[in-house]
Amino acid sequence: MRDLHHQGLTLFGKQSEARNVVFVVLPQVHLLDLSGPAQVFDTARCMGAPYTLRYSSPQTQQISAQGIVLAKLSPLAPVAADDLILLAGVNWDFASHEKPLLDQETRDWLSSAAKAGAHIASVCTGTFALAEAGLLDGRRCTTHWSQTSVLQARFPKAKVFENVLFVHDGRLTTSAGIASGIDMALGLVQQDQGPMFAAQVARHLVVYLRRNGSQPQSSIYLEYRTHLHSGVHQAQDYLINHIAEHVTLDELANVAGISTRGLNRAFKEATGLTPIQYHQRLRIELAATLLSNPALRIEEVALQCGFEDVRHFRRLWQRQFGAPPLQRGHRFAFHRSVER
């Protein structure tokens, strides 16, 4: 994993600032709820993102729901505004258990972290911990599908969503549970480091990058990647890292290690697209990102994405989305402002 650092990944101009990721380990924690997001952030760290991972708890060790002992846990230290706190789900009967999940120390610590401006996230039933700390009053949230009605009944001031992978509400993020914690972690990495970086992390983990219900459910950086042709994968990686540049078929074939004719045939069989069509879709997705910036004119966006003819860009965009690029850009900007 250590050789992943700086593999030519593009962050779309995102500033990479150091960030602590603090995993709060509660009694009877579910291992996948904890290890899934931890693997995402550790992989991102190995790829160059400036994350520092810390595992904290009111006790120096905890026994997981699966019986594995997690030891040498650090105490609940003060956090800063740039820190990310993540609480994994636990094995707890919330429907009949009257005893609180959190002790007073952890409850007070979470409340202080929220006041300090830290971003706090939960996986699965970890959402109940946020609710006990009083952080979900009037806030949109979710949890495991089997517990959404229980969460709403116990904490009626929370706005509990069903049938979503994860929900952002300001500096709070909650996920639906188990594997969706990985989706949430990838979404948080995307907020920090940009969509291409998050997609590269997801592809290295061999998972699909999924988003919540208010966003498109796919990303061009992961679409058309379910095949097993290594040469086509290499060609796709090269196009991703040269989105705005003119790339010839001979150049791509050399990268893939096959003939031009062989590349065209293999690319079409593996993805359903020609290399040119795939390159155009990459540019359109980059344009969608750039159009969320109201300071950029459509002509500037087209040029930054490698389109020499603005009219050609408009035609491709209209074909893809069924609306002019300016209208689509405004919708992108709106969705992103809601999530922040």
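Heads up: the sequence shown begins at 1 in full-length UniProt numbering, then just goes up one per residue.
All residues carry an ideal CB built from backbone N, CA and C; glycine is no exception.
Only a predicted model underlies this, so the values are computations on that prediction, with no experimental measurement involved.
{"Query": "Identify, in the order they occur along the chain, each residue of the same chain with its Cβ nearer than 6 angstroms to the Cβ of V21, setting aside the five sequence neighbours on each side.", "Result": "F41, Y51, L53 and L84"}
{"Query": "Cα-Cα, which of T260, D82, A38 and G322 is closest to A18?", "Result": "D82"}
{"Query": "From S146 to H30, what does the alpha carbon distance come to, in whole angstroms?", "Result": "16 angstroms"}
{"Query": "Going by Cα to Cα distance, which pick from I182, P27 and K99 is closest to G67?", "Result": "P27"}
{"Query": "If we count the other Cβ atoms within 10 Å of its Cβ and call it buried at 16 or more, is V206 buried or exposed?", "Result": "exposed"}
{"Query": "Since I believe V255 is in contact with A270 (beta carbons under 8 angstroms), could you give me their beta-carbon distance rounded to a whole number of angstroms?", "Result": "Not a contact, Cβ separation roughly 15 angstroms."}
{"Query": "Distance check for V301 and N293, CA to CA, integer angstroms please.", "Result": "10 angstroms"}
{"Query": "For residue 341, which of S175, L326 and R107 has the nearest alpha-carbon?", "Result": "The requested residue 341 does not occur in the structure, where the chain is confined to residues 1 to 340."}
{"Query": "Where DSSP assigns a beta bridge to S122, which residues make up the other side?", "Result": "L87 and T174"}
{"Query": "Please tell me whether P37 and L86 are closer than 8 angstroms, where the distance is taken between their beta carbons.", "Result": "yes"}
{"Query": "Is the distance from the Cβ of M196 to the Cβ of I240 below 8 angstroms?", "Result": "yes"}
{"Query": "I'd like the ranges of any alpha helix (DSSP H) spanning at least 4 consecutive residues and lying wholly in the UniProt domain \"HTH araC/xylS-type\" (233–331).", "Result": "249–256, 260–271, 275–290, 298–304 and 310–321"}
{"Query": "How about the stretch 122–138 and the stretch 174–181: do they share at least three Cβ pairs that are nearer than 8 angstroms?", "Result": "yes"}
{"Query": "Just verifying my parser: in three-state terms, what is the DSSP assignment at F41?", "Result": "helix"}
{"Query": "Helix or strand or just coil, what does DSSP make of V160?", "Result": "strand"}
{"Query": "Across which residues does DSSP place Y55 in a beta bridge pair?", "Result": "F23"}
{"Query": "Using a Cβ-Cβ cut-off of 7 angstroms (strictly less than) and excluding sequence neighbours within five positions of I284, which residues of its own chain qualify?", "Result": "L316, W317 and Q320"}
{"Query": "When you compare the CB positions of T274 and N264, do they come within less than 8 angstroms of one another, or not?", "Result": "yes"}
{"Query": "What is the DSSP secondary structure of H144, reduced to helix, strand or coil?", "Result": "coil"}
{"Query": "Taking the alpha carbon of residue 398 as the reference point, which residue from H246, G262 and A133 has its own alpha carbon closest?", "Result": "Residue coverage of the chain in this structure runs from 1 to 340, which leaves residue 398 outside it and unanswerable."}
{"Query": "Between which two residues does the alpha helix (DSSP H) harbouring F155 extend?", "Result": "Counting along the chain, F155 falls outside any alpha helix (DSSP H), and DSSP gives it neither H nor E."}
{"Query": "Using beta-carbon positions only, say whether K159 and R140 come within less than 8 angstroms of one another.", "Result": "yes"}
{"Query": "State the start and end residues of the unbroken beta strand (DSSP E) segment that holds V167.", "Result": "F166 to D169"}
{"Query": "Just list the residues that DSSP pairs residue 346 with in beta bridges.", "Result": "Any question about residue 346 goes unanswered here, given that the chain covers just 1 to 340."}
{"Query": "Would you give the residue range spanned by the alpha helix (DSSP H) that T226 belongs to?", "Result": "Counting along the chain, T226 falls outside any alpha helix (DSSP H), and DSSP gives it neither H nor E."}
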